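**Student:** Going by this note's numbering, the sequence shown opens with residue -16, and the numbers climb by one from there. Glycine residues also receive a C-beta, built at the ideal position from the N, C-alpha and C atoms. Here the structure is a predicted model, which means the values were calculated and not measured. If you scroll down you'll find the structure; I have some questions about it.
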Amino acid sequence: MAPKSSNGLLLVIFVAFVPAITLCAHIELEPPTFSAAVTSCVTITCCPDGTSARAKKILVMEIAKDGNTPITNIQAPDVISYGDGAAAPHFEAYGVLSESNISQSYLNLTIRYPGAADAGEYTCVISYIGQNGLVTQEKDKAHLFLNDTTNLSNTQRLTSLESALDTLLDRVKAVERVNQELLGQVTDQATQLKLYRETVSTSVAFSAAVESEYTIASGDQLVFSQVLTNEGNAYNRSTGEFTAPRDGLYVFHLVLEIGRGGAVGEITMKASGQILAKMYTQDKDFGDQGSISSVRRLQRGDVVSVHVFLAGGASPMVFGEKLCVFSGFLVRP
-16 MAPKSSNGLL LVIFVAFVPA ITLCAHIELE PPTFSAAVTS CVTITCCPDG TSARAKKILV
44 MEIAKDGNTP ITNIQAPDVI SYGDGAAAPH FEAYGVLSES NISQSYLNLT IRYPGAADAG
104 EYTCVISYIG QNGLVTQEKD KAHLFLNDTT NLSNTQRLTS LESALDTLLD RVKAVERVNQ
164 ELLGQVTDQA TQLKLYRETV STSVAFSAAV ESEYTIASGD QLVFSQVLTN EGNAYNRSTG
224 EFTAPRDGLY VFHLVLEIGR GGAVGEITMK ASGQILAKMY TQDKDFGDQG SISSVRRLQR
284 GDVVSVHVFL AGGASPMVFG EKLCVFSGFL VRP
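See below:
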């Protein structure tokens, strides 16, 4: 039978290593001696026991040490479960205040890897509204002892050390698992960053002009042989074609002047045979100039070029001296 205080309040302290929980008001750690790593945790449980028969409602349950500020408390109608904010908290608390069944209420304080500073007198305090309607407070105390290892036999010391090493090994394995997960995440991020840098490190941009005027015919693909800019080397000055080196969003712009032939011209910008944009020119006197632009997402290998369709006229020409310029660049992948 668990010892009780005279006021009927019960304070239970048990150690995680003990297979059967022993209810008592005075405790010692098991194993009887320890270094900080040997005893993994101690749990202090505060429960109403006899108080439940006298209480209409519990207001506060708290656990304090050596008469100081409570380490943890619970107020109606809370349910708590928390640590001290660390990844492996030294103190953890959890509990329930039940208004429908007061005897089911409890407050637990778990101390992980207790040290010398944790030894001392722990007090359970319960404040409640009694059957007479008055606010009443009851307390119970228990002592947590850290024993001396002076009188241990070599076998006991060895057992204690083995237990400590097993506990440390488990902790090291847990840390290693976390480190491996973090390492995998870092490796994935580094790989993604490398791919992104490779994607954006080389800019893609070109600008080319008709070097000198030349005669064109209907159906011709225009060639801009005077290369002004060709970053990424994606423009071919011999064919007048731009080949997308990677998937991405591209911008293209064309300025063109046709004249001296009296022709009406349809100028078309195409990407792998699909029309991006078109314009019309009509030579009235000396020539007619126009411009078109297009923003289009391309796949790697798509070819962009400029084509002309003429109606009537005699030997029309495209002009040089940078009057006819074809340009484009990669906006983003």
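Identify the residues that DSSP records as bridge partners of Tyr218: which are they?
**Tutor:** Per DSSP, Phe225.
**Student:** For Asp101, which of helix, strand or coil comes out of DSSP?
**Tutor:** The answer is helix: DSSP assigns Asp101 an H, G or I state.
**Student:** So is Ala227 buried or exposed if we call it buried at 16+ other beta carbons inside 10 Å?
**Tutor:** With 16 or more Cβ atoms within 10 Å of its Cβ, Ala227 is classed as buried.
**Student:** What does DSSP give as the partner residue(s) for Phe302 in the beta ladder?
**Tutor:** Answer is none; Phe302 lacks a bridge partner.
**Student:** According to DSSP, is Ser201 part of a helix, a strand, or is it coil?
**Tutor:** Note: Ser201 maps to coil in three-state DSSP.
**Student:** Among Glu164, Thr174 and Phe225, which residue has its Cα nearest to the Cα of Val187?
**Tutor:** Answer by Cα proximity: Phe225.
**Student:** Rounding to the nearest angstrom, what Cα-Cα distance links Pro170 and Glu164 in this structure?
**Tutor:** The residue you asked about is not Pro; residue 170 is Thr in the sequence shown. Roughly 10 Å separates the two Cα atoms.
**Student:** Are the beta-carbon atoms of Ile109 and Thr34 separated by less than 9 Å?
**Tutor:** Their beta carbons are under 9 Å apart, which means Ile109 touches Thr34 by this criterion.
**Student:** Report buried or exposed for Tyr179, applying the criterion of at least 16 other Cβ atoms within 10 angstroms of its Cβ.
**Tutor:** Exposed, because fewer than 16 other Cβ atoms sit within 10 Å of the Cβ of Tyr179.
**Student:** Less than 8 Å between the CB atoms is what I'm expecting for Val247 and Ala217, so what's the real figure, rounded?
**Tutor:** So it is not a contact: roughly 32 Å between Cβ atoms.
**Student:** Give the C-beta separation of Ala47 and Leu80 to the nearest angstrom, bearing in mind that I take them to be a contact with Cβ-Cβ under 8 Å.
**Tutor:** In fact, because the Cβ distance is near 18 Å, the residues do not count as touching under 8 Å.
**Student:** If distances are taken between C-alpha atoms only, which option among Gln168, Tyr105, Ala191 and Gly116 comes closest to Asn51?
**Tutor:** Considering only alpha carbons, the answer is Tyr105.
**Student:** Helix, strand or coil: which one does DSSP assign to Leu239?
**Tutor:** If DSSP states are grouped into helix, strand and coil, Leu239 belongs with the strands.
**Student:** I think Ile241 touches Thr251, with their Cβ atoms under 8 Å apart; what is that distance to the nearest whole Å?
**Tutor:** 13 Å between Cβ atoms; not a contact.
**Student:** Rounded to the nearest angstrom, what separates Leu237 and Gln175 at their Cα positions?
**Tutor:** Each residue's Cα considered, the two are about 36 Å apart.
**Student:** Shortest alpha-carbon distance to Tyr233 belongs to which of Ala192, Gln209, Gly284 and Ser274?
**Tutor:** Among Ala192, Gln209, Gly284 and Ser274, the Cα nearest to that of Tyr233 belongs to Gly284.
**Student:** Among the candidates Val161, His290, Glu249 and Gly231, whose CA atom is the shortest distance from the CA of Thr325?
**Tutor:** No answer is possible for residue 325: it lies beyond the span of the chain, which begins at -16 and ends at 316.
**Student:** Could you tell me the distance, in whole angstroms, from the CA atom of Ala157 to the CA atom of Leu151?
**Tutor:** Near 10 Å, if we compare the C-alpha coordinates of Leu151 and Ala157.
**Student:** Hey, out of Leu42, Asp101, Ser195 and Pro97, whose CA is closest to Glu82's CA?
**Tutor:** Of the candidates Leu42, Asp101, Ser195 and Pro97, the one whose C-alpha sits nearest the C-alpha of Glu82 is Leu42.
**Student:** Using CA atoms only, rank isn't needed, just tell me which of Ser255, Cys107, Thr185 and Thr28 is closest to Glu45.
**Tutor:** Of Ser255, Cys107, Thr185 and Thr28, the residue nearest in Cα terms is Cys107.
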